[in-house]
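Below is one structure; the comments refer to it alone.
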Amino acid sequence: MYQQHMDLHAPVDLNKSLDDMTPEERMRAEHQLMVEKHRGHDAMHSEMVIILFVTVVIAQVILVEWKKRHYSSYSLITLLAMWIIPFTISCFFGWIRFIVIWVIFTIITALVMRRAISKPIQGTTPRLVYKWFYFIYKLSYGLGLVGYLVIMAAFMGMNYLFSQLPNIWMDVGLMFCFYGLYIGVLGRDISEICSDKMAAAIGYYAPQGIPTRHLEQNVCAVCGNQLLVSEKEEGVIENTYKLSCNHVFHEFCIRGWCIVGKKQTCPLLQGKG
């Protein structure tokens, strides 16, 4: 019968074989061998934590300085990493849903980017580019909102009304949030690249302040197409907006310019001054 309180640190003759030891001695011997085997591991783990912490801090400093000094290369490399690494991991693990969504998004976005960077830029290109990225903006916002609502519903126990386990609803909510965040971030960065490429071609002024083309009346300064209604009329498809500079635009064009392209200046005056 074993003792209720056994001193595992009591000395034991390790020269004896395990077969010649009593059960108590065998347990103490195994414990002492295990302690000897893992001696120094605590110090090693502490060193690993310190090294990891220092590496993270140094990497963060390097990334901040890289972004500050070479923003274009930083944006390009991080964009490529976000675009390629998740797809590579998905191919390795066979995540078909993500692969299909990634391929569809990549093909359409690549076609749009090709139109945006082609020269000379076609009159319908800006509207097409902004329309796609505005759709991406709305889609990512909607996916994130749906994911958030599903997660909150799972927290409140609404899943039991539909005889569903909470972990299923949590997984669905997190999936929607992930796709909304992933598509939204990619769309934001790519739209900025496209808008920068198109800015010089869209603007009517060169960097020297000299107009490169004449803006006719009732023409949108973003897409170059005819305005169907005045700014005071209610449009069937879209309205016409006038900025404080008295320039008029299609509603969708100016919303795309400001929201998707993150431009704070009038498209007509882009490059002036």
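Under UniProt numbering, the residues of the sequence shown are numbered 1 to 273, in order.
No residue lacks a Cβ here, since even glycine has one placed at the ideal position from N, Cα and C.
(request) For the beta strand (DSSP E) containing Tyr241, list its first residue and its last residue. (result) Where Tyr241 is concerned, the enclosing beta strand (DSSP E) stretches over 240–242.
(message) If you reduce the DSSP assignment to three classes, tell me which class Gln60 lands in.
(response) In the structure shown, Gln60 sits in a helix (DSSP, three-state: H, G or I).
(request) With DSSP as the reference, please indicate the residues paired to Val248 in a beta bridge. (result) The secondary-structure analysis by DSSP pairs Val248 across a beta bridge with Lys242.
(request) Measure the CB-CB distance between Leu186 and Trp95 and report whether it falls below 8 Å. (result) Not in contact: Leu186 and Trp95 (Cβ atoms no closer than 8 Å).
(request) For Ile254, count neighbouring Cβ atoms within 10 angstroms of its own Cβ and tell me buried if that reaches 16, exposed if not. (result) Counting the other CB atoms within 10 Å of its CB gives Ile254 a total of 16 or more, which places it among the buried residues.
(request) Kindly indicate which residue of Tyr179, Met170, Val56 has the alpha-carbon position closest to the one of Ser140. (result) Out of Tyr179, Met170, Val56, the CA that lies nearest to the CA of Ser140 is found in Tyr179.
(message) Is it buried or exposed, Val54, if we count other Cβ atoms within 10 angstroms and call 16 or more buried?
(response) An exposed status is given to Val54, since fewer than 16 other beta-carbon atoms sit within 10 Å of its beta-carbon.
(message) I need the straight-line Cα distance from Lys119 to Val49, nearest angstrom please.
(response) Taking the straight line from one Cα to the other gives about 53 Å.
(request) In angstroms with no decimal places, state the Cα-to-Cα distance between Tyr130 and Gly157. (result) Their Cα atoms are separated by approximately 40 Å.
(message) Report the CB separation of Trp132 from Val150 in whole angstroms; it is logged as a contact under 8 Å.
(response) Not a contact, Cβ separation roughly 27 Å.
(request) Rounded to whole angstroms, what's the CA-CA distance from Phe249 to Leu128? Just pull it up for me. (result) Here the alpha carbons of Leu128 and Phe249 stand approximately 15 Å from one another.
(message) Which of the three DSSP states is assigned to Val219 in this structure?
(response) Reduced to three states, the DSSP call for Val219 is strand.
(message) I'd like the span of the alpha helix (DSSP H) that includes Leu128, first residue to last.
(response) 125–155 is the extent of the alpha helix (DSSP H) around Leu128.
(request) Taking only the alpha-carbon atoms, compute the straight-line gap between Cys245 and Ser230 and give it to the nearest angstrom. (result) Each residue's Cα considered, the two are about 16 Å apart.
(request) Can you tell me which of the three DSSP states Pro211 falls into? (result) Confidence at Pro211 is low in this model, with a pLDDT of 47, below 50, so its placement is unreliable and the value that follows should be read with caution. Of the three classes helix, strand and coil, the one that applies to Pro211 here is strand, per DSSP.
(message) DSSP has Gln122 in a bridge; who is on the other side?
(response) Partner(s): none; Gln122 has no beta bridge.
(message) Please report the distance separating the alpha-carbon of Leu243 from that of Gln122.
(response) Roughly 24 Å between the two C-alpha positions.
(request) State the beta-bridge partners of Gln226 as determined by DSSP. (result) Paired residues: Val219.
(request) Check the Cβ-Cβ distances between Leu80 and every residue of chain B, and say whether any is below 8 Å. (result) Absent here is chain B; the protein component of the structure consists of one chain.
(message) Here's a check: name, in chain order, each residue in its chain whose Cβ is nearer than 7 Å to the Cβ of Met113, leaving out the five neighbours to either side.
(response) So the list reads Ile190, Cys194, once near-sequence residues are dropped.
(request) Specify, as a first and last residue, the run of the alpha helix (DSSP H) that Trp102 falls within. (result) Element bounds for Trp102: 96–117.
(message) Can you look up Glu30 in the DSSP assignment and give me helix, strand or coil?
(response) Correct three-state label for Glu30: helix.
(request) Return the residue from the list Val172, Leu143, Glu192 that minimises the CA-CA distance to Leu79. (result) Ranking the options by Cα distance to Leu79, first place goes to Glu192.
(request) Decide if residue 277 is buried, meaning its Cβ has at least 16 other Cβ atoms within 10 Å, or exposed. (result) The structure shown does not extend to residue 277, since the chain is modelled only from 1 through 273, so no value can be given for it.
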